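Since the structure comes first, as structure tokens, the remarks are kept for the end.
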Amino acid sequence: MTKSDEGLPLSELLEESVATLDAAGVVSPEIDAQLLLGHVLELSRGGLQARLITGGTVSATDAGSIRSLIARRATREPLQHITGLAPFRALELHVGPGVFIPRPETEMVAQLAIDALRADAAPAPIAVDLGTGSGAIALALATEVPNARVYAVERSAEARVWAERNIRDFGGDNTTLVAADLADALPELDGAVSVVASNPPYVPESLRPTDPEVALHDPDEALYGGDDGLSVIPALSRTGLRLLRSGGVLVIEHAEHQSAAIAAILATDGWRSITHHRDLTFRDRATTALR
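Using our numbering, the letters of the sequence shown map in sequence onto residues -6 to 284.
As structure tokens, this is what we get:
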């Protein structure tokens, strides 16, 4: 752009940013541009809209910072890596390279676990999040059911860096990060847990996503669950049976086409009241079962 950026109209910079992201194939160029402008200017999307309506301008320094972030997003670096934050329910979690970015659909999985934990009559019910990643489900449980004791299990050292930071900032004294594989985690809690929740890797190897944000930036071990996407489910079922008390609740996130196969695995292992739950797009997104 040849004109001086001193006092550059915000509307022009937004239009330029949207065009750049659209040309790069970003799925939601206008939303992402608004979020990145707001990130630099320390404005919510509502605040940004108000500034646009009143004919706001941007300084040369801020315009340079915005263009730098837009250029990064145009390489298909995830928006959440650029801002360093990912919204999840009432939280804004720290995320970056090496950890799976929490998805909106997992919020309803967390809600199922929260509802089960709140229904427990124990004064300090115990919940376990197996494969916690950034700590999203564990921290939703810990902050929304503050009388609970929550254990966040993660074997990836890279992911644990982010979970540790998030637990330090949001978790309080009722959240414990555990370095372990989900198959043999927390034997000291066998038979004492009220809720076990997990968003395991469930993408089949044959369905690897092609969008660069996922293919190049989300860790493989958080995404792929073998040929059918179900390779982790048997171990998850066994661990749930070991950890949960009688009547305890297992919550598993999965893809819509995996409901029947997961139900079959759980039924074979002796789980009761196996129930599928749909997300806001009316797709099967989670299965719950009773110990």
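Yeah, the Cβ is synthetic: ideal placement off N, Cα and C, and Gly gets one too.
Everything numeric in this text was worked out from a predicted model, so none of it was measured.
What does the alpha-carbon distance come out to for the pair Leu72 and Ala129?
By one-based count along the sequence shown, residue 72 stands at place 79. By one-based count along the sequence shown, residue 129 stands at place 136. Approximately 18 Å, taken between the alpha carbons.
Taking the beta carbon of Asp177 as the centre, do at least 16 other beta carbons fall within 10 Å, making it buried, or is it exposed?
Reading the sequence shown from its first residue, position 184 is the one you call residue 177. The residue is exposed, with fewer than 16 neighbouring Cβ atoms inside 10 Å.
Same chain, Cβ closer than 8 Å to Leu209, neighbours up to 5 away in sequence not counted
Against the sequence shown, residue 209 aligns to sequence position 216. Arg69, listed in sequence order.
Going by the CB atoms, is the gap between Leu30 and Leu7 shorter than 8 Å?
Counting from 1 along the sequence shown, the entry for residue 7 is found at position 14. Counting from 1 along the sequence shown, the entry for residue 30 is found at position 37. A contact, by the Cβ cut-off of 8 Å.
Ala103 beta carbon less than 8 Å from that of Ala133:
Position 140 of the sequence shown, counting from 1, holds the residue named residue 133. Position 110 of the sequence shown, counting from 1, holds the residue named residue 103. Against a cut-off of 8 Å, the Cβ pair of Ala103 and Ala133 comes out as a contact.
Under 8 Å, do Arg278 and Glu137 count as touching if we go by C-beta distance?
Mapped onto the sequence shown, residue 278 falls at position 285. Mapped onto the sequence shown, residue 137 falls at position 144. Not closer than 8 Å, so no.
Just to confirm the assignment: which complete alpha helix (DSSP H) runs, minimum length 4, are found wholly within the region 80 to 104?
none
Which same chain residues end up closer than 7 Å to Leu1 when comparing Cβ atoms and leaving out the 5 residues on each side of it in sequence?
Within the sequence shown, numbered from 1, the residue matching residue 1 stands at position 8. Contacts found: Thr50, Val51 and Ala56.
Taking all protein chains shown into account, decide if Pro202 is buried (16 or more other Cβ within 10 angstroms of its Cβ) or exposed.
Residue mapping note: residue 202 aligns to position 209 of the sequence shown, counting from 1. The residue is exposed, with fewer than 16 neighbouring Cβ atoms inside 10 Å.
Report yes if the CB atom of Asp166 is closer than 8 Å to the CB atom of Val143, and no otherwise.
The residue you call residue 166 lines up with position 173 of the sequence shown. The residue you call residue 143 lines up with position 150 of the sequence shown. No; because the gap between Cβ atoms is not below 8 Å, this pair is not in contact.
Determine contact between the region 173 to 188 and the region 153 to 163, defined as no fewer than three beta-carbon pairs at a distance below 8 Å.
no
If you run the structure through DSSP and keep just helix, strand and coil, what is Ser187?
Within the sequence shown, numbered from 1, the residue matching residue 187 stands at position 194. The answer is strand: DSSP assigns Ser187 an E or B state.
For Gly124 and Arg148, the rounded distance between their alpha carbons
Position 155 of the sequence shown, counting from 1, holds the residue named residue 148. Position 131 of the sequence shown, counting from 1, holds the residue named residue 124. Taking the straight line from one Cα to the other gives about 7 Å.
Using 10 angstroms around the beta-carbon of Arg96, count the other beta-carbons present and answer buried if the total reaches 16, otherwise exposed.
Locating residue 96 in the sequence shown gives position 103, where the first residue counts as 1. Classification of Arg96: exposed, given that the 10 Å Cβ count is below 16.
Rounded to a whole number of angstroms, what is the C-alpha to C-alpha distance between Leu283 and Thr76?
As a position in the sequence shown, residue 283 is number 290, starting the count at 1. As a position in the sequence shown, residue 76 is number 83, starting the count at 1. Their Cα atoms are separated by approximately 39 Å.
Rounding to the nearest angstrom, what Cα-Cα distance links Thr261 and Leu243 in this structure?
One-based indexing of the sequence shown puts residue 261 at position 268. One-based indexing of the sequence shown puts residue 243 at position 250. Those two C-alpha atoms are separated by around 15 Å.
To the nearest angstrom, how far is it from the Cα of Ala253 to the Cα of Phe93?
If you number the sequence shown from 1, residue 253 lands on position 260. If you number the sequence shown from 1, residue 93 lands on position 100. Whole-angstrom Cα-Cα distance: 26 Å.
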